[in-house]
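Chemist: Residue numbers (my numbering): 3 to 288.
Glycine is no exception: its CB is placed at the ideal position from the N, C-alpha and C atoms.
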């Protein structure tokens, strides 16, 4: 019985003896790990990543990231990592103009991780170089306006509308009745103007023939290899291909990629999950 009681203490004693005998060695190893880790943390990043993900609606955070990378003299190049189906027209143009400003000061490589379509393609066109994952969807250069017609449903529910307007087009796009030919014509003109703006910017940025928009636009979606064939992108590759291209164009001898602050990342995720989606029906890029 006494032997059984002694056994656990013998093991504990052996462990304590080992720690005591090798304490200095263990301390030295821990010190090396600490110093190495500290040095890694102290390395100043010279390359940044900006992500465009999900629907393009509120882009203030992304604009701030682009502006920060632009103004930071230590940052020599930027990877624009894109996986988005597009979104509203105006925010997409804001991103496009911000990327253009950035690309005039330092190299920007856009990478299509999944979808770079519609508004997210618009946002990427002024990058110095565009690379796409082999399975990425590219293009969808077109504009869409849609609204439901709930007139029949309202009638069944016994709901009728009363409204006072000033101006022939004030109720244009309403979903409480069918649009008049005049309203439909005005909406078509509006969408055509937005489409012309879109394809003109794409053709200018990518050096495409604006006289033949059906070759690259017309709202068609292309797999990466086909997008490469019509010059919507510059290369098909992986995320590492894109990073290597940023490093090459930036001429940095010792590339150090900026890492997102863990707390900021967590807070942004929490903030985005608490927001309700807001849909902008006017000028939706598809």
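Spatial neighbours of residue 119 within its chain, please: C-beta separation below 8 Å, excluding the five flanking residues on both sides.
Modeler: Result list for residue 119: 86, 87, 88, 139, 140, 141, 142, 223, in chain order.
Chemist: Can you tell me the Cα-Cα spacing of residue 43 and residue 256, whole angstroms?
Modeler: Confidence at residue 43 is low in this model, with a pLDDT of 48, below 50, so the placement of that residue is unreliable and no value is reported for it.
Chemist: Throw me the rounded Cβ distance for the residue 238 and residue 111 pair, which I believe falls under 8 Å.
Modeler: The Cβ separation is near 14 Å, so there is no contact.
Chemist: Roughly how many angstroms lie between the CA atoms of residue 129 and residue 153, to the nearest whole one?
Modeler: Rounded to whole angstroms, residue 129 to residue 153 spans 45 Å at the Cα level.
Chemist: Tell me whether residue 242 sits in a helix, a strand or coil according to DSSP, three-state version.
Modeler: Helix.
Chemist: Would you identify the three-state DSSP class for residue 199, choosing helix, strand or coil?
Modeler: Helix.
Chemist: Tell me the DSSP secondary structure of residue 167 in three-state form.
Modeler: Of the three classes helix, strand and coil, the one that applies to residue 167 here is coil, per DSSP.
Chemist: Do you know how far the Cα of residue 78 is from the Cα of residue 47?
Modeler: In a straight line, the C-alpha of residue 47 is about 9 Å away from that of residue 78.
Chemist: Please state whether the Cβ-Cβ distance between residue 59 and residue 260 is less than 8 Å.
Modeler: For residue 59 and residue 260, no; Cβs fall outside 8 Å.
Chemist: Comparing alpha-carbon positions, which option in 173, 133, 145 lies nearest residue 115?
Modeler: Per the Cα distances, 133.
Chemist: Check this for me: beta carbons of residue 226 and residue 160, under 8 Å apart or not?
Modeler: Their beta carbons are not under 8 Å apart, which means residue 226 does not touch residue 160 by this criterion.
Chemist: Measuring CA to CA, which of 76, 146, 179 is closest to residue 162?
Modeler: Residue 179 is the option with its Cα nearest to residue 162.
Chemist: Within 10 angstroms of the Cβ of residue 108, are there 16 or more other Cβ atoms? Answer buried if so, exposed if not.
Modeler: Counting Cβ neighbours within 10 Å, residue 108 comes out buried, since at least 16 surround it.
Chemist: With a Cβ-Cβ cutoff of 8 Å, do residue 70 and residue 258 count as a contact?
Modeler: No, Cβ-Cβ distance for residue 70 and residue 258 is not below 8 Å.
Chemist: Could you pull the start and end residues of the alpha helix (DSSP H) that residue 95 belongs to?
Modeler: Residue 95 -> alpha helix (DSSP H) spans 91-105.
Chemist: Can you give me the C-alpha to C-alpha distance between residue 37 and residue 66, rounded to a whole angstrom?
Modeler: Because the pLDDT of residue 37 is 49, which lies under 50, any placement of that residue in the model is unreliable, and the number read from its coordinates should be weighed accordingly. Roughly 33 Å separates the two Cα atoms.
Chemist: Within a Cβ cutoff of 7 Å, which residues of the same chain sit near residue 221, ignoring the five residues on either side of it in sequence?
Modeler: So the qualifying residues of the chain are 142, 143, 144, 288.
Chemist: Tell me the residue span of the alpha helix (DSSP H) that contains residue 55.
Modeler: First-last for residue 55: 49-55, but that is the beta strand (DSSP E), not the alpha helix (DSSP H).
Chemist: Write down the C-beta distance between residue 98 and residue 127 rounded to the nearest angstrom, noting that I regard them as a contact closer than 8 Å.
Modeler: That pair is a contact at about 6 Å.
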